[in-house]
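To start, the structure under review is shown below, and the notes come after it.
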Amino acid sequence: MNSPDQPAVAISLWRDRRFRRFWAGHSASQFGDRITELALPLIAISALHASANQVAWLTALIWTPNLLAIFLGVWVDQRAHKRRLMIFADLVRAAILLSVPAAYLLGAVTLAQLYAVALMLGVAGVLFNTAYPSFFVRLVPPASYVDANSKLSASRSVSYVAGPAIGGGLVQVLTAPVTLVVDALTFLVSAILVGRVSVDEPPVASDNAAASSLLQRAREGISFVVRHPVLRAALGCAATVNFFTFVASSGLIVLFANRSLGLSAGAIGIAFGIGATGSILGAASAPKISKRFGVGRCIGVGAVLFPAPIAIAAAAGGSLWLRASALAATEFLSGFGVMLFDVNLNSLQAAVIPDGMRSRVAGAYSTINYGIRPVGAVVGGLLATLIGLRLTLLIAAVGGALSLLWLLPSPIPRIRTLTHDNVADTTTDANDENQSEPGKQYS
Numbered sequence: 000m001n002s003p004d005q006p007a008v009a010i011s012l013w014r015d016r017r018f019r020r021f022w023a024g025h026s027a028s029q030f031g032d033r034i035t036e037l038a039l040p041l042i043a044i045s046a047l048h049a050s051a052n053q054v055a056w057l058t059a060l061i062w063t064p065n066l067l068a069i070f071l072g073v074w075v076d077q078r079a080h081k082r083r084l085m086i087f088a089d090l091v092r093a094a095i096l097l098s099v100p101a102a103y104l105l106g107a108v109t110l111a112q113l114y115a116v117a118l119m120l121g122v123a124g125v126l127f128n129t130a131y132p133s134f135f136v137r138l139v140p141p142a143s144y145v146d147a148n149s150k151l152s153a154s155r156s157v158s159y160v161a162g163p164a165i166g167g168g169l170v171q172v173l174t175a176p177v178t179l180v181v182d183a184l185t186f187l188v189s190a191i192l193v194g195r196v197s198v199d200e201p202p203v204a205s206d207n208a209a210a211s212s213l214l215q216r217a218r219e220g221i222s223f224v225v226r227h228p229v230l231r232a233a234l235g236c237a238a239t240v241n242f243f244t245f246v247a248s249s250g251l252i253v254l255f256a257n258r259s260l261g262l263s264a265g266a267i268g269i270a271f272g273i274g275a276t277g278s279i280l281g282a283a284s285a286p287k288i289s290k291r292f293g294v295g296r297c298i299g300v301g302a303v304l305f306p307a308p309i310a311i312a313a314a315a316g317g318s319l320w321l322r323a324s325a326l327a328a329t330e331f332l333s334g335f336g337v338m339l340f341d342v343n344l345n346s347l348q349a350a351v352i353p354d355g356m357r358s359r360v361a362g363a364y365s366t367i368n369y370g371i372r373p374v375g376a377v378v379g380g381l382l383a384t385l386i387g388l389r390l391t392l393l394i395a396a397v398g399g400a401l402s403l404l405w406l407l408p409s410p411i412p413r414i415r416t417l418t419h420d421n422v423a424d425t426t427t428d429a430n431d432e433n434q435s436e437p438g439k440q441y442s
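No gaps in the numbering here: position 89 of the sequence shown is 88 in numbering that gives the first Met the number 0, and each next residue is one more.
Structure (structure tokens):
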């Protein structure tokens with residue numbers, strides 16, 4: 000629930016010094032993430048001669064802590080100072096990253112250390128992400144949720160366009176281990192800027208629930224999501240989309256583009272670059288589109304537009320130019336769709352989740368959404384082996400688009416704005432079943 004003194008109307012976030020500080024820190028850490036995604040595997044490959052399987056484990060370990068996010072979210076819900084946890088998570092990530100160049104300079108870097116670094120980065124990332132929702136609703140007024148998420152998503156999209164190029168240049172000039180120092184500095188910048196953002200953080204209510212066990216409170220969080228008509232449909236839709244888009248993972252699409260479409264590495268790179276510009280455009284235009292057509296409808300369109308264009312690439316044929324254009328169109332439309340989906344869905348979740356449940360719900364979402372991704376990737380690999388790449392991509396496109404079926408019977412398509420009355424009217428059932436403080440469930 001938002002603090003009572005927050006304005007009910009949208010404000011210009013560019014004039015909000017607190018938001019500008021957080022946005023700058025967020026943008027810096029996003030660029031740092033892109034650098035690490037490139038530099039960490041390069042250290043394993045160049046310095047330690049890691050195999051493909053060992054590099055794959057390095058990536059998997061970063062995602063693994065999300066499987067326990069629901070329990071970490073329960074713990075975070077009981078902490079009053081979420082902003083301090085976010086700062087702590089940034090400082091931990093900076094220290095972890097600095098350990099790699101230090102060990103490298105001493106000639107002591109090992110694969111085991113890189114595995115430990117990846118795992119600890121994942122844990123710190125989950126801590127930051129589960130503390131973030133409560134911080135966000137104290138920083139941004141409800142009427143500006145979509146605008147704020149649009150700006151944050153846009154900077155993330157820009158990092159995917161420019162980040163790999165910047166990271167590649169830094170690796171070329173500084174070497175991969177030293178480049179991690181730059182990423183560590185981005186987390187320090189984020190910690191400093193978040194530390195300078197003052198938000199009102201009310202004390203955690205001390206009630207009987209606070210004394211309950213971790214497992215019991217995790218169950219309460221999952222039960223809340225399952226019973227809530229908006230959150231249940233949103234999670235089912237997001238998990239379905241994530242599963243099928245990871246069935247057609249970027250690795251399979253690259254393999255298909257190279258072997259089946261006959262595209263060179265350069266052509267594939269250009270197509271993916273075009274796709275990233277679609278993400279930027281989607282993030283930037285999401286507020287205007289949702290204002291015109293409604294938040295709920297935009298979520299539905301994004302749920303289809305994100306996976307469905309995979310079918311364009313799967314059906315590609317003809318000349319080399321047509322095949323390359325089909326891949327570029329796929330990446331552009333999918334990038335636009337995922338931003339339309341994410342910006343509006345994240346804003347809707349911020350509007351309907353009560354303060355005492357924010358971290359638990361974020362943990363539950365991370366556990367399911369991120370936990371389903373490697374499952375989808377494994378299924379995609381098996382399908383590609385059994386029935387071929389083209390048919391696997393078509394299955395992913397159709398299956399992902401069917402995620403819309405979760406939304407249609409729910410209140411989500413009827414939600415146009417994130418005002419109190421609009422959201423509360425569509426979630427009356429959840430309010431009656433889960434409300435612990437009458438009249439204070441939504442804001």
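All C-beta atoms in this analysis are idealised placements derived from N, C-alpha and C, irrespective of residue type, glycine included. Since we're looking at a predicted model, the values are computed, not measured.
Assignment of threonine 416 by DSSP, reduced to helix, strand and coil, places it in the coil class. Leucine 120 is classed as buried because its beta carbon has at least 16 other beta carbons within 10 Å across all chains shown. Arginine 296 is classed as buried because its beta carbon has at least 16 other beta carbons within 10 Å across all chains shown. By the criterion of a C-beta distance shorter than 8 Å, tryptophan 13 is surrounded in its chain by Arg19, once the five residues flanking it on both sides are discounted.
C-alpha of isoleucine 42 to C-alpha of threonine 63: approximately 21 Å in a straight line.
Around the beta carbon of serine 189, a 10 Å sphere encloses 16 or more other beta carbons of the protein chains shown; the residue is thus reported as buried. Taking the Cα of alanine 23 as reference, the smallest distance to any Cα among Ser289, Ile394, Gly194, Cys236 is reached at Gly194. Rounded to the nearest whole angstrom, the CA to CA distance from phenylalanine 245 to valine 108 is 32 Å.
Note on geometry: alpha-carbon atoms of valine 377 and serine 324 lie some 28 Å from one another. Given a length threshold of 4 residues, each whole run of the alpha helix (DSSP H) inside the segment 48-127 is given here in chain order: 51-62, 68-76, 81-104. In this structure, alanine 270 sits away from alanine 307, with a CB-CB distance that is not shorter than 8 Å. Inter-segment contact for the segment 232-248 and the segment 363-376 is present: three or more beta-carbon pairs are separated by less than 8 Å.
Under the three-state reduction of DSSP output, glutamate 330 falls in the helix class. By alpha-carbon distance to glycine 167, the top candidate from Ala38, Leu66, Trp74 is Ala38. DSSP places glutamate 200 in no alpha helix (DSSP H); its state is neither H nor E. Taking a contact as a CB-CB distance under 8 Å, the pair valine 196 and phenylalanine 21 counts as one, their CB atoms being some 5 Å apart. Check the Cα spacing between valine 116 and each of Val99, Ile311, Gly106, Pro132: the tightest is with Val99. Close CB contacts of arginine 92 within its chain, under the 7 Å cut and outside five residues either way in sequence, are with Leu120, Ala123, Phe186 (chain order).
For aspartate 32, the three-state secondary structure derived from DSSP is helix.
The DSSP-derived three-state label of serine 278 is helix. If you look at valine 378, you'll find it in the alpha helix (DSSP H) that goes 357-386. Per the coordinates, the alpha-carbon of glycine 398 lies some 31 Å from the alpha-carbon of alanine 147. A residue is called buried when at least 16 other Cβ atoms come within 10 angstroms of its Cβ; histidine 48 does not meet this threshold and is exposed. The segment 313-322 makes no contact with the segment 126-137: fewer than 3 CB pairs, one atom from each, lie closer than 8 Å.
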